[in-house]
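Have a look at the structure below before the remarks.
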Amino acid sequence: MAYFGNLTCRDCGLTFTAGWGSVAGADEYRCERDHVIYADASWGAVLEVDGAPGDGRTLAEVRGLCPLCSTELASGLLPCCPVCDGRDHDVLLAGTG
Ligand SMILES: [Zn+2]
Ligand SMILES: [Zn+2]
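Residues are numbered in this note's numbering as their position in the sequence shown, beginning at 1, plus a constant of 19.
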């Protein structure tokens, strides 16, 4: 399920609009530097790396690390705050899709 809405950063108080969450057939992962990776939900092929097409490797082949910056990937994360990079936010959902 993909979500979009307003996030209010608990660290600096900034409110920003963002989208996050898995899309049909693909799971969303984020690295520590907030690159967004989509991977095929059934066999783990990396489909998209921060808006660019994946290079055909799977999550296992990249060992769960971001192909761009080699920090650890995790699913179910909220977007980072664009000001302070914090990831602890109050969420005001505007919708799902
Ligand atoms: Zn912040
Ligand atoms: Zn990264």
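Ideal Cβ placement from N, Cα and C applies to all residues, glycine included.
Beta bridge pairing from DSSP links Gly38 with Phe23.
Membership of Ala43 in any beta strand (DSSP E) is not indicated, and neither H nor E is assigned to it by DSSP.
Apart from the 5 residues on each side of it in sequence, Ser41 sits with its Cβ closer than 6 Å to the Cβ of Glu47 in its chain, given in chain order. Annotated three-state conformation of Thr90 is coil, per DSSP. Under the DSSP assignment, Asp109 falls in the beta strand (DSSP E) whose first and last residues are His108 to Thr115.
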